[in-house]
Amino acid sequence: MDRREFIEFLGYGSFALAGSQLISSCSSTSKATTFPSINPTLNDALELAPGFTWERMISWGDKINATEYFGHNNDYIDYIPLPGKTDEYLLWVNNEYVGPLMPIVSGKERTKENIDIERAAVGASVVHIKKVNGSWKVQFDSKHNKRITGETKIPFSNNHVIKGSNIAEGTINNCSGGKTPWNTILTCEENYNYCYGDKSFSGEEISPAYDKWNKFYPNPPEHYGWVVEVDPVTMKAEKRVEMGRFMHECALVVQSQNGLVVYSGDDARGEHIYKFVSDYDKNLSKGTLYVADIKKGKWLPLDITKDKRLEKFKTQKNVMVYAREAAKIVGATPLDRPEDIELNPINGDIVFTLTNNKKTNNHHGKICKISENGNYASTDFTYGELHIGGEEGGFSCPDNLAFDKSGNLWFATDISGSKIGKKQYKSFGNNGLFVVPARGVDQGKVIQIASAPVAAEFTGIKFSPDSNSMFLAVQHPGETSKSKTNLTSNWPFGGNELPRSSVVEIKSKFFQS
Ligand code: FEO
Ligand code: CA
Ligand code: CA
Numbered sequence: 126m127d128r129r130e131f132i133e134f135l136g137y138g139s140f141a142l143a144g145s146q147l148i149s150s151c152s153s154t155s156k157a158t159t160f161p162s163i164n165p166t167l168n169d170a171l172e173l174a175p176g177f178t179w180e181r182m183i184s185w186g187d188k189i190n191a192t193e194y195f196g197h198n199n200d201y202i203d204y205i206p207l208p209g210k211t212d213e214y215l216l217w218v219n220n221e222y223v224g225p226l227m228p229i230v231s232g233k234e235r236t237k238e239n240i241d242i243e244r245a246a247v248g249a250s251v252v253h254i255k256k257v258n259g260s261w262k263v264q265f266d267s268k269h270n271k272r273i274t275g276e277t278k279i280p281f282s283n284n285h286v287i288k289g290s291n292i293a294e295g296t297i298n299n300c301s302g303g304k305t306p307w308n309t310i311l312t313c314e315e316n317y318n319y320c321y322g323d324k325s326f327s328g329e330e331i332s333p334a335y336d337k338w339n340k341f342y343p344n345p346p347e348h349y350g351w352v353v354e355v356d357p358v359t360m361k362a363e364k365r366v367e368m369g370r371f372m373h374e375c376a377l378v379v380q381s382q383n384g385l386v387v388y389s390g391d392d393a394r395g396e397h398i399y400k401f402v403s404d405y406d407k408n409l410s411k412g413t414l415y416v417a418d419i420k421k422g423k424w425l426p427l428d429i430t431k432d433k434r435l436e437k438f439k440t441q442k443n444v445m446v447y448a449r450e451a452a453k454i455v456g457a458t459p460l461d462r463p464e465d466i467e468l469n470p471i472n473g474d475i476v477f478t479l480t481n482n483k484k485t486n487n488h489h490g491k492i493c494k495i496s497e498n499g500n501y502a503s504t505d506f507t508y509g510e511l512h513i514g515g516e517e518g519g520f521s522c523p524d525n526l527a528f529d530k531s532g533n534l535w536f537a538t539d540i541s542g543s544k545i546g547k548k549q550y551k552s553f554g555n556n557g558l559f560v561v562p563a564r565g566v567d568q569g570k571v572i573q574i575a576s577a578p579v580a581a582e583f584t585g586i587k588f589s590p591d592s593n594s595m596f597l598a599v600q601h602p603g604e605t606s607k608s609k610t611n612l613t614s615n616w617p618f619g620g621n622e623l624p625r626s627s628v629v630e631i632k633s634k635f636f637q638s
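For any residue, its number in our numbering is found by taking its place in the sequence shown, counting from 1, and adding 125.
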């Protein structure tokens, strides 16, 4: 069966799919792999199943040029080819948030000096990488290394003016993201309220600014919570207003016959899954934002010209700025904290995680899917559940996802640091990295491959350009620490060292099968 026949066999014949996005499990070269496993542990170490090894690539605080350093709490990882080179790349790494550890370093007092240190630690880092003697190495002396931070001035798309300005100060809380076919990165602003609070359309405060950045930088919360498109070569950036404002977790870009489609989740209790259907194949400047009604299997447009109930927002721009409020008015389904979203390259399904929600008594989360009805731009879909977290499922609190070139599903868990090893989370140990084989005797089983250091989660799961390695971010090790002299993790350097979020290369022959 060739790839085209296989796609038609699966019922995806009418899809216009980007050539690299779907693979055929009927391929004669595909083999079933039996993966080794690891037991859960509470050790302060990056532990791996037999046959896997790791090497540190870069850590928070490493100097990347004369004036800048690699940011804090690394999350989304991607890369683009370095212009003019065939085997060197620009590695993009999101630097998500300050968290409890950073103020131990910057100082807990909310002074301008301390907040400035924190603003420079978030955003994203771009570093030049190449393979040297079989390992991917950061080129620390490269002129291509650079940052975008909580201080960078970034315009809104289409020159929109939001709360008096067409430019926002900084990108913050950069969680997961995506990459466009024209090699720009979509970096997603998630828990912006920690820095700048949040307000409703009517102007009420709906969240305080826990980290109090607004004490010295009174920026409107409406300037954050966007998908930011950045060219990693030039660092030209734009906040994409047409994709709506909420606590954007991720941005999965999929090609449909009706233009590009970008899926994104809003990671908060009772929030939603959205998709943006672009009017174009080659840019994201115009399109329609939809939100999911999971119960009815419908994508509901957030378009003031199509839904009279949205007229209270007066303008389409306001519908985008207060997308969460608009989503509830049109009847979006409240979900248990949507995290990552990925495309299943074997059958074309959109796979996503709902991590947990104590308010709905969902302590362990699940991995779910959306099967679009005919085309990624479709307004109808079928919802399904693939893996349920808990003792029987063998994992708890799924978050980041990735499919490898054989169609195996890899995912990482994110039990909050304060709950790891306690009560209903006891048996799961530290957070982990898991694989679900696509075929073979272990098809569909959840197998633990790695265990994270104390209080850390694995993020940014990304296969290397040659598919022989996995780039993996280890985020927030030791974030349960109370002080510099009372650290809960010393990973990766050991001794009495501060824990440092880091990107590692995981090597294994299992990635080559
Ligand atoms: Fe930054 Fe929802 O994870
Ligand atoms: Ca996440
Ligand atoms: Ca999470």
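We put the CB at the ideal spot given by N, CA and C, even for glycine.
Take residue 256, set aside five residues on each side of it, and no residue of its chain has a beta-carbon closer than 6 Å to its own. Those residues placing their Cβ nearer than 7 Å to any heavy atom of ligand 2 are, following chain order, 200, 300, 301, 374, 392, 464, 465, 524, 525, 539, 584.
Taking C-beta separations shorter than 8 Å and ignoring five residues to either side along the sequence, the partners of residue 440 in its chain run 429, following chain order.
Assignment of alpha helix (DSSP H) within the region 419-481, counting only whole runs of 4 or more residues, yields 441-446, 448-455 in chain order. With a 10 Å radius around the Cβ and a threshold of 16 neighbouring Cβ atoms, residue 421 comes out exposed. Under the 8 Å Cβ criterion, the region 613-623 does not count as touching the region 546-561, having fewer than three qualifying pairs. Distance from the C-beta of residue 243 to the nearest heavy atom of ligand 3 is not below 8 Å. For the beta strand (DSSP E) assignment, the uninterrupted runs of no fewer than 3 residues enclosed by the region 235-313 are, from N- to C-terminal side, 248-257, 260-263, 271-273, 278-280, 292-294, 299-304.
When secondary structure is reduced to three states using DSSP, residue 179 falls in the strand class. Contact between the region 346-357 and the region 467-487 is absent: fewer than 3 CB-CB pairs across the two stretches fall below 8 Å. Inter-residue distance for residue 617 and residue 170 is about 8 Å (C-alpha atoms, whole angstroms). With fewer than 16 other Cβ atoms from the protein chains shown falling within 10 Å of its own Cβ, residue 208 counts as exposed. Non-local beta-carbon contacts of residue 366 in its own chain, meaning distances under 6 Å to residues more than five positions away in sequence, involve 281, 282, 285, 445 in chain order. At least one heavy atom of ligand 3 is found less than 8 Å from the C-beta of residue 522. If the five residues before and after residue 562 are omitted, its C-beta is found closer than 6 Å to the C-beta atoms of 533, 568, all from its own chain and listed in chain order.
Taking the Cα positions, residue 253 is about 12 Å away from residue 203.
The beta carbon of residue 341 lies closer than 7 Å to those of 237, 240 in the same chain, with the five residues before and after it left out. Shown here, residue 415 sits in a strand according to DSSP, grouped into three states. The closest CA to that of residue 505, considering only 390, 162, 418, is found on 418.
In the displayed model, residue 637 falls within coil according to three-state DSSP, outside both helix and strand. About 13 Å separates the beta carbons of residue 299 and residue 319, which is beyond the 8 Å limit, so they are not a contact pair. It is roughly 8 Å from the alpha-carbon of residue 158 to the alpha-carbon of residue 564. Residue burial annotation: residue 191 is exposed, with fewer than 16 other C-beta atoms found within 10 angstroms of its C-beta. Between residue 199 and residue 599, the C-beta spacing is below 9 Å. Taking 8 Å as the cut-off, one finds at least one heavy atom of ligand 3 near enough to the beta carbon of residue 480. Under the 8 Å Cβ criterion, the region 385-403 counts as touching the region 450-468, having at least three qualifying pairs. According to the DSSP assignment, residue 320 belongs to no beta strand (DSSP E) but to the alpha helix (DSSP H) extending over 318-321.
A straight line joining the alpha-carbon of residue 435 with that of residue 449 spans about 12 Å.
When the Cα atoms are used, residue 391 and residue 268 turn out to be separated by approximately 36 Å. In the same chain as residue 227, and ignoring 5 residues on each side of it, the C-beta atoms closer than 7 Å to its own belong to 197, 243, 246, in chain order.
Closest option to residue 519, judged by alpha-carbon separation, among 559, 507, 498: 559. In terms of Cα proximity to residue 363, the closest of 515, 313, 606 is 313.
Each of 289, 302, 206 was checked against the Cα of residue 218, and the nearest Cα belongs to 302.
Judged by DSSP in its simplified three-state form, residue 631 adopts strand.
DSSP, read as helix, strand or coil, puts residue 367 in helix. Around the beta carbon of residue 619, fewer than 16 other beta carbons lie within 10 angstroms, which makes this residue exposed.
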